[in-house]
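Colleague:
In the numbering used here, the protein residues as written are 8 to 272.
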């Protein structure tokens with residue numbers, strides 16, 4: 008009940024103002040959606056670049072700006088095909104940006120992208136049913152820097168790394184997360200819509216959960232721009248701390264034999 012009241016307060020204009028004021032007094036650099044433009048201009052010059060989720064709602068705009076800011080080459084990936092607006096902007100700019108129609112989780116897509124200096128991913132992570140696996144795919148493409156922007160939920164007191172899985176919640180439980188200034192949120196406003204695929208909102212990640220996912224996938228957060236219901240982060244690549252080696256058949260049989268002997272003893 009206390010957490011619910013907290014979320015409701017933060018949804019109000021007054022609550023968001025209080026939160027922003029408090030975070031600035033703490034010395035935090037509070038973010039906005041416009042922060043992405045500044046970050047692109049800072050990290051793009053002379054870097055190879057890929058924008059994961061480049062099409063839906065932005066029509067390649069971030070990728071074009073990265074190219075104009077000095078990134079070479081620039082690629083964009085999306086599961087949604089190129090829009091007429093994208094084609095018009097690409098022609099008007101005489102852009103060399105390469106669009107790849109594909110899923111960032113698909114090994115074929117990862118191979119086409121290759122390894123680039125900067126991976127940019129905005130508005131995608133919370134739409135993916137498996138955010139950790141998506142971050143692992145981004146790490147496979149990333150040589151130096153990840154710029155990530157995603158929806159987030161407020162921290163849950165006493166429960167670090169908390170998260171909410173939105174599909175299949177009741178209408179009453181979903182209503183807490185229906186943010187009016189965002190318009191229709193597929194999977195929240197009217198419930199899970201299977202035919203919408205990645206259009207659904209799947210995960211509400213707390214900032215601590217997001218940071219832990221990034222660390223486990225092989226990224227270190229170096230800059231953070233918090234918002235009440237979103238996070239913008241700049242990350243450097245780091246050693247991947249998670250791995251699982253699948254044994255060959257002989258090793259697997261030896262392992263099973265050893266376990267059986269332990270039980271018998």
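Every residue gets a Cβ at the ideal spot worked out from N, C-alpha and C, and that includes glycine.
Using the C-alpha atoms, what's the distance from residue 195 back to residue 209?
Modeller: Computed Cα separation, rounded: 9 Å.
Colleague: When the Cα of residue 38 is compared with those of 21, 45, 145, 234, which residue comes out closest?
Modeller: Checking every option, the nearest Cα to that of residue 38 belongs to 234.
Colleague: Among 70, 259, 213, 254, whose alpha-carbon lies nearest the alpha-carbon of residue 6?
Modeller: With the chain covering 8 to 272 only, the question about residue 6 has no answer from this structure.
Colleague: Which residues bound the alpha helix (DSSP H) around residue 10?
Modeller: Looking at the DSSP string, the run of the alpha helix (DSSP H) that includes residue 10 is 9 to 18.
Colleague: If you measure between the beta carbons of residue 126 and residue 108, is that distance less than 8 Å?
Modeller: Result no, Cβ atoms of residue 126 and residue 108 do not sit closer than 8 Å.
Colleague: Using DSSP's beta-bridge definition, name the partner residues of residue 244.
Modeller: DSSP lists 226 as partners of residue 244.
Colleague: In the DSSP assignment, find the unbroken alpha helix (DSSP H) run with residue 126 in it and report its ends.
Modeller: That residue, residue 126, is in no alpha helix (DSSP H); its beta strand (DSSP E) goes 123 to 129.
Colleague: Using a Cβ-Cβ distance cut-off of 8 Å, determine whether residue 255 contacts chain B.
Modeller: The chain labelled as chain B is not found in the depicted structure, where only one protein chain is given.
Colleague: Leaving out the 5 sequence neighbours to the left and right, which residues in its chain are closer than 7 Å to residue 100 when beta-carbon positions are compared?
Modeller: Around residue 100: 71.
Colleague: Helix, strand or coil: how does DSSP classify residue 82 here?
Modeller: Strand, per DSSP.
Colleague: With DSSP run on the structure shown, which of helix, strand or coil describes residue 216?
Modeller: Residue 216: helix per DSSP, three-state reduction.
Colleague: Would you call the region 217 to 234 in contact with the region 153 to 172, where contact means no fewer than 3 C-beta pairs closer than 8 Å?
Modeller: The region 217 to 234 vs the region 153 to 172: in contact.
Colleague: As a quick exercise: from 248, 96, 227, 249, pick the residue whose alpha carbon is nearest that of residue 242.
Modeller: Taking only the C-alpha atoms, the option nearest residue 242 is 227.
Colleague: Is the region 142 to 151 in contact with the region 163 to 174, if contact means three or more CB pairs nearer than 8 Å?
Modeller: No, the region 142 to 151 is not in contact with the region 163 to 174.
Colleague: Using DSSP with H/G/I as helix, E/B as strand and the rest coil, what is residue 58?
Modeller: Note: residue 58 maps to strand in three-state DSSP.
Colleague: Taking only runs of the beta strand (DSSP E) that begin and end inside the region 104 to 188, which ones reach a length of at least 3 residues, in chain order?
Modeller: Runs of the beta strand (DSSP E) inside the region 104 to 188: 105 to 108, 123 to 129, 149 to 158, 170 to 172.
Colleague: Would residue 57 and residue 97 qualify as a contact pair, given that the criterion is a beta-carbon distance under 8 Å?
Modeller: Result no, Cβ atoms of residue 57 and residue 97 do not sit closer than 8 Å.
Colleague: In this structure, how does DSSP classify residue 200 when only helix, strand and coil are distinguished?
Modeller: The answer is coil: DSSP assigns residue 200 none of H, G, I, E or B.
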